[in-house]
Amino acid sequence: MVSQCPYSSLCLPATDLPRIVVIGAGFAGINLIKKLHNSPVQLVLLDKNNFHQFQPLLYQVAIAGLEPDSIVTPIRKLFQGYRNLIYRLAEVNRVDPDSRRVFTDIGWVQYDYLVIATGSVTNYFGLEDVARNSVGLKDIRDALDIRSWVLQNLEAAAITCDQNEKEALTNFVIVGGGPAGVELAGALSEFRRYLLRKDYPEIAEEWMKVYLVEATDRLLGTMPEAASDHAFRTLSQLEVEIRLNTTVQGYTGSEVLLADNQTLLAKTLIWTAGVKGAAPEGLAPESGTKGRRLKVDPFNQVEGCRHVFTIGDIAAMTDEEWPQGHPMVAQVAIQQGKLLAENLLHLIRHGTFKTAFHYRDKGSMATIGKRNAVAKIGGSVWKGKLAWVLWSTVHLFSITGFKNKLMVGINWIIRYLNYEKANRLIIREFKPQQTKVEQT
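Take a look at the structure:
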């Protein structure tokens, strides 16, 4: 076991306890750490951000419904009182399983056990011009960028006399008909219905169009058809223009190029069409999958790496029930994090793992605008207001921290009564980041 600190860059105290290095403070990482609180191990958490974010509500920040600090929690606050935890703000450059080291931008750290919980990033499927000119919805910065971009374009539309320019500035295209795309499309359409005339009297409501583009034949493809049909009907009633069986081939920054040779004029493109694993460099190529996830056994151990484990979105664990791997959702990450903590303690004490992972699907849900949602719980599908109450309750209790729960709850009550959004602020100008795309 690691007993000394022969390096000073990370300023870690020497220890005779097994050192478990955790990369990533998402749902998987924080649940593993919580389970190992006060256990006889030294935990070292590395993350390039100093906060944990509640990703299911990013879209509400994006449409000015919530302030960002209501869905993020500082890591050091989250783990106050954890005497066996050391946190370092660091970006991991690569891992070296042979020497059991993790190399970061502030130095390197040696481990007895490594847990990779780095999650996922937006997958543009090799479409470089889309990546350059659009924005995804994977973290709090994306949400703030979308908020600024939408408001900037509406401000520009209010003053231009060029009708083509005005049309491009007031058209909003969302690519991807999963929960994030459906929720964002519903929220933007309700922004148009309830707030556009109040804030922008220069813009007629019918000028602002919201498009939802989905490559398959239905929305919410991982949910039952009854939920998909309800989402389609509800969004259609909200006057969202839905394009099914339609793929995006490119984006110039003002025109969305579709596979059927049609184009959509729009200066805002939000990409929610897919994600891929954020695997660090240094692991053997045969450990990876096409979607940049890492192959793991039923105990979340990376194939060919005895002391390296992976949990959450990045873990590709297959079985008869999930031949393509588990879905990349929070519940998988939470369950894997908790169980791996138990297995690591059992491995340290007894030299063997305790329990193989089996995913318990607790259901899925998506909200569709104000007071409407769909939810799949067990074999039942819930729709409408009752599903929205269920969605609200589950998400409110899942948010980290009492203060955040209170802030979000009060905000939702106000919105339930009058739909006012007080956070319509352009804090900084947003421009697409000219992202370089990695091939999947």
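Heads up: the sequence shown at position 203 corresponds to 431 in my numbering, and the numbers run straight through without jumps. Even glycine gets a Cβ: it sits at the ideal position worked out from N, Cα and C.
- By the criterion of a C-beta distance shorter than 6 Å, residue 248 is surrounded in its chain by 269, 271, 341, once the five residues flanking it on both sides are discounted.
- Between the C-alpha atoms of residue 637 and residue 624 there is a straight-line separation of about 7 Å.
- As DSSP reads the structure, residue 330 sits in a beta bridge with 323, 337.
- Residue 500 holds the alpha-carbon nearest to the alpha-carbon of residue 411 among 386, 330, 355, 500.
- Remark: three or more beta-carbon pairs, one from each stretch, lie closer than 8 Å, so the stretch 530–545 and the stretch 507–517 are flagged as touching.
- The alpha-carbon of residue 255 is positioned some 20 Å away from that of residue 584.
- In the displayed model, residue 255 falls within a helix according to three-state DSSP.
- Residue 302 has 279 as its beta-bridge partners, per DSSP.
- For residue 528, the secondary structure class from DSSP, reduced to helix, strand or coil, is coil.
- Just measuring C-alpha positions, the residue of 626, 581, 251, 566 sitting nearest residue 348 is 251.
- Below 8 Å, too few C-beta pairs join the stretch 564–574 and the stretch 362–376 to call them touching: fewer than three.
- According to the DSSP secondary-structure assignment, residue 593 is paired through a beta bridge with 603.
- Residue 266: not part of any beta strand (DSSP E); DSSP gives it neither H nor E.
- One Cα belongs to residue 529, the other to residue 538, and the distance between them is close to 6 Å.
- Sixteen is the threshold: since fewer than 16 other Cβ atoms of the shown chains lie within 10 Å of the Cβ of residue 613, the residue is exposed.
- Bridge pairing for residue 471: 441 [DSSP].
- One alpha carbon belongs to residue 335, the other to residue 238, and they sit about 6 Å apart.
- The shortest CA-to-CA distance from residue 310 to any of 266, 323, 338 is the one to 266.
- When DSSP assignments are scanned along the stretch 616–647, the uninterrupted stretches of alpha helix (DSSP H) that are 4 or more residues long and fall wholly within it turn out to be 630–646.
- For the 7 Å CB-CB criterion, residue 468 and residue 441 do not form a contact.
- Of the residues assessed, residue 460 falls on the buried side of the cut-off, its CB having 16 or more other CB atoms within 10 angstroms.
- When C-beta atoms of the stretch 277–284 are compared with those of the stretch 300–317, three or more pairs fall below 8 Å, so the two segments count as touching.
- By the neighbour-count criterion, in which 16 or more other beta carbons inside 10 Å mark a residue as buried, residue 458 falls on the buried side.
- Listed in chain order, the non-local C-beta contacts of residue 543 below 7 Å within the same chain comprise 521, 522, 524, 528, 564, local neighbours out to five positions each way being set aside.
- When the beta-carbon positions are compared, residue 273 and residue 339 stay at least 7 Å from each other.
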